[in-house]
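Using the working numbering, the first residue of the sequence shown is number -9, and each one after it goes up by one. We treat Cβ as the ideally placed atom computed from N, Cα and C, and that holds for glycine. As the structure is a computational prediction, the values presented were derived from the model and not from experiment.
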Amino acid sequence: MCNLSNFYYIMEELDLIVESVQHDMEAAVKHLDHAFQRIRAGRASTNMVQDVMVEYYGAMTPINQVANVSVPDAMTISIQPWDAKAINDIEKAIINSNLGFAPSNNGINIILNVPPLTEERRRELAKQAKSETEDTKVVVRNARQNGLKELKKLDGVSEDIIKGIEADIQVLTDKYVKICDEHLKVKEAEIMKV
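The structure is reproduced here in structure tokens:
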């Protein structure tokens, strides 16, 4: 009976290691998607300003919590503060965020004109997307390495079981690297589309 409970304990530990590796890999891909949202592809999107933090009554607050952010057309982002006093703080936050927008303030709302992308800028953005993807692949591979290290720490597990779990972790790694490549392909097509 003691061996059986030990077996279940070891199997549970192995499952936890694989789940942890998969969780880390999923988190890396989610981070990649978030990074891709910040890389603009020529069309206006509320995602372009989602990370802008505004100093609002002494606290750093996301822009969407102090203003209505909308996209009236493909080349314009409109930001209408709920509190008219915050308009200058929002404008300052946009300028300081280094997004490359020159906000125009008419006293009621802020308009951001999204300029069309030049071919050179498209190439730079594609290169940035590729760099983000490579960084994410490194995180995926590090998750694999951490999982393999955790496997080596386990005592009393047969070599065949360890090899099987290592193979499962490699399958996960290949899967998430492929997902990264697929996401990059879609983003590059979006960036290069005129």
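Which word fits residue i, buried or exposed, when buried means at least 16 other C-beta atoms lie within 10 angstroms of its C-beta?
i, result
"Pro106", "exposed"
"Gly137", "buried"
"Arg113", "exposed"
"Leu6", "exposed"
"Phe91", "buried"
"Met(-9)", "Since pLDDT at Met(-9) reaches only 42, below the 50 mark, its modelled position is unreliable, and the value read off the structure follows with that caveat. Met(-9) is exposed by the Cβ-count criterion."
"Val104", "buried"
How far does the beta strand (DSSP E) with residue i in it reach, from first residue to last?
i, result
"Leu89", "Leu89 -> no beta strand (DSSP E), and no H or E assigned at all."
"Asp171", "Unbroken run through Asp171 is the alpha helix (DSSP H), 149 to 182; no beta strand (DSSP E)."
"Ser35", "That residue, Ser35, is in no beta strand (DSSP E); it is neither H nor E in DSSP."
"Ala57", "57 to 63"
"Ala49", "49 to 52"
"Val44", "43 to 46"
"Pro93", "Looking at the DSSP string, Pro93 is not in any beta strand (DSSP E), and its letter there is neither H nor E."
"Gln70", "66 to 71"
Can residue i and residue j be called in contact, C-beta distance under 8 Å?
i, j, result
"Thr123", "Leu162", "no"
"Met38", "Ile67", "yes"
"Gly146", "Ile0", "yes"
"Gln70", "Ile29", "no"
"Glu81", "Ile101", "no"
Can you give the beta carbon distance from residue i to residue j, rounded, assuming they're within the 8 Å contact cut?
i, j, result
"Val42", "Asp79", "Val42 to Asp79, Cβ: 11 Å. No contact."
"Lys177", "Ala119", "5 Å"
"Tyr166", "Val8", "That belief does not hold up - the Cβ atoms of Tyr166 and Val8 are roughly 13 Å apart, past 8 Å."
Tell me the residue span of the alpha helix (DSSP H) that contains residue i.
i, result
"Leu141", "109 to 143"
Q) Would the segment 48 to 68 and the segment 2 to 19 be scored as touching if the rule is three or more Cβ pairs under 8 Å? A) Segments in contact, no.
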